[in-house]
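The numbering of the sequence shown is the working numbering, which starts it at 181 and goes up by one. Where a beta carbon is used, it is the ideal one built from N, C-alpha and C, also for glycine. In this text the structure is predicted, and so the values were computed from the model without any measurement.
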Amino acid sequence: MTAIPYSRQTIESSDVDAVVAALRSDFLTQGPCVPRFEKVFAHAHQVSEAVAVSNATAGLHIACLALGVGQDDLVWTAPNSFVASANCARYCGADIDFVDIDPDSRNLSISALREKLIVAERGGRLPKVVIPIDFSGLPCDLREMRVLADRYGFSILEDASHAVGARLGNQPLGGIYADIAVFSFHAVKIVTTGEGGMCTTQNPELAHRLRLLRSHGVTRDSKEMIGTPDGPWYYEQVGLGFNYRMTDLQAALGCSQMERLDDLYERRDALSLRYDRLLAPLPVIRPPRLPDRRSSYHLYVIELDAAQCPADRATTFKALRDAGIGVNVHYIPIHTQPDFQRLGFRRGDFPVSERYYSRAITLPLFPQMTEEQQDYVVEALGTILAR
Ligand SMILES: *Cc1c(COP(=O)(O)O)cnc(C)c1O
């Protein structure tokens, strides 16, 4: 059997046709596909505003700016994420800090957040923005976080990079509790545009700011101008922005992929349920399933519980890789990265994230994975753990 990757994009001939059609059209960028993709995405996530960007990292950056994050502001996120969740605040000159995760959901812990807010209020320095992550596609508990956000006056910027198609209380993510949510279309994510991202919000003023920040802070709308147009060519830079635009080629791929979102979700869901069943006899902790929300199953992460099984993570990981299984680890806690240690964070600062990390292995999961491949992964794991 050839090596099984931990994730893989699903590209159908309809995707190829959509991109080729965009290539042959009049526009390679800023044509009709980007607004169409935004509309399709907003509709699927039941939000009024969607702003496509070049990648989710860029989206997180301008979302922080749109929410007013600047020099000396404070932003909190969870250590169990990709570094981009924390870097976005640093790009704005803000200070970053972390809230440890809940060991069961592996998402930012609401009780740890509540405690940290009490201490922060006493100390006179509350966060301006909190960035929860829907880790592995499992929605973070934003209903309770919304209550805290309103009580303490911070904004919620949801890093929903993993969570296209996920649901909280039967509603898609993107705007019901978060001020802004950001999704990623990197090749390994649920829906891909190669590189790409989407910011969603229910707030038209925030969407307006995001659109300006995405494109140089430049407007062609005379109502937004400070001066008077001296001709039809006239545009104005009304603030400092970036070129964080998505191309029409990418948006054409995105639209085509979104047509299959339900199929992609169902395949991931079926495979994850099958993993749950096959792994039940093994001494591993399976990902949580919560009755009030549905994960998009971007990642299927097991934990090796020392109390149940003596196998150590490094040995198990290497044996799986040697068997041609593309396992991975998500995530090295952000605060343990050298560039964050330089900011003063230390190992031991967020023990739940660190313990989770020491036992986590991401098993392969992608829509085109076959049951035969899945059986092979589980059999290999069973053999390794029985040694
Ligand atoms: C992938 C990812 C990002 C970054 O997305 P890009 O589109 O690659 O910039 C940010 N946060 C999380 C949690 C991610 O998984």
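Since residue i is in the alpha helix (DSSP H), which residue starts that stretch and which ends it?
| i | result |
| --- | --- |
| F497 | 493 to 502 |
| A340 | Looking at the DSSP string, A340 is not in any alpha helix (DSSP H), and its letter there is neither H nor E. |
| L543 | L543 -> not in any alpha helix (DSSP H); beta strand (DSSP E) instead, spanning 540 to 543. |
| V220 | 213 to 224 |
| V299 | 290 to 303 |
| I242 | 236 to 246 |
| A367 | Run containing A367: none; DSSP gives neither H nor E here. |
| Q521 | 518 to 521 |
| E446 | 441 to 459 |
Any heavy atom of ligand 1 inside 6 Å of the beta-carbon of residue i?
| i | result |
| --- | --- |
| I281 | no |
| T237 | yes |
| D339 | yes |
| F546 | no |
| I313 | yes |
| S285 | no |
| A358 | no |
| G377 | yes |
| S316 | no |
| F262 | yes |
| H515 | no |
| H366 | yes |
| S187 | no |
Buried or exposed: where does residue i fall if 16 or more other Cβ atoms within 10 Å of its Cβ makes it buried?
| i | result |
| --- | --- |
| G355 | buried |
| A460 | exposed |
| H223 | exposed |
| T399 | buried |
| G434 | buried |
| S476 | buried |
| L203 | exposed |
| R501 | exposed |
| I281 | buried |
| E229 | buried |
| T372 | buried |
So, helix, strand or coil for residue i, using DSSP?
| i | result |
| --- | --- |
| S581 | The question about residue 581 has no answer here: the residues shown for the chain are numbered 181 through 567. |
| M325 | helix |
| G177 | For residue 177 there is no data in the structure shown, the boundaries of the chain being 181 and 567. |
| T381 | strand |
| E192 | coil |
| L208 | coil |
| L584 | Outside the modelled stretch of the chain, which goes from 181 to 567, sits residue 584, for which no answer is possible. |
| S395 | strand |
| Q554 | helix |
| N267 | helix |
| I406 | coil |
Just curious, the beta strand (DSSP E) that residue i is in, first and last residue?
| i | result |
| --- | --- |
| L571 | An answer regarding residue 571 cannot be provided, because it is not within the stretch 181 to 567 covered by the chain. |
| F363 | 360 to 364 |
| Y480 | 480 to 484 |
| D275 | 275 to 278 |
| V233 | 229 to 233 |
| I311 | 309 to 311 |
| T257 | 254 to 257 |
Ignore the nearest five residues each way along the sequence and tell me which others in residue i's own chain have a CB closer than 6 Å to its CB.
| i | result |
| --- | --- |
| Y453 | The sequence given here places Leu at residue 453; Tyr does not occur at that position. Answer for L453: no residue qualifies. |
| G239 | V233, V362, G377, C379 |
| A243 | L337, I360, V362, C379 |
| L390 | V231, I242, A246, C379 |
| H396 | G421 |
| L306 | A300, Y332 |
Apart from the five residues just before and just after residue i, which ones in its own chain have a Cβ nearer than 7 Å to its Cβ?
| i | result |
| --- | --- |
| V557 | I184, I505, L543, P544 |
| S436 | S194, D195, A198 |
| Y445 | G345, S476 |
| Q488 | P463 |
Whose C-beta lies closer than 8 Å to the C-beta of residue i among residues of the same chain, with five residues either side of it excluded?
| i | result |
| --- | --- |
| T496 | L484, I541, L561, I564, L565 |
| A486 | R539 |
| S316 | R286, H342, P467, S475, Y477, H478, L479, Y480, V481, H510 |
| L251 | Note that residue 251 is Gln in the sequence shown here, rather than Leu. Once the five neighbours on either side are set aside, the close Cβ partners of Q251 are C272, G273, A274. |
| D492 | L484 |
Counting only C-beta atoms, is residue i closer than 7 Å to chain B at any point?
| i | result |
| --- | --- |
| G374 | The structure shown has no chain B; it contains just one protein chain. |
Closer than 6 Å to a non-hydrogen atom of ligand 3 - does that hold for the CB of residue i?
| i | result |
| --- | --- |
| H241 | Only ligand 1 can be found as ligands here, which leaves ligand 3 out of the picture. |
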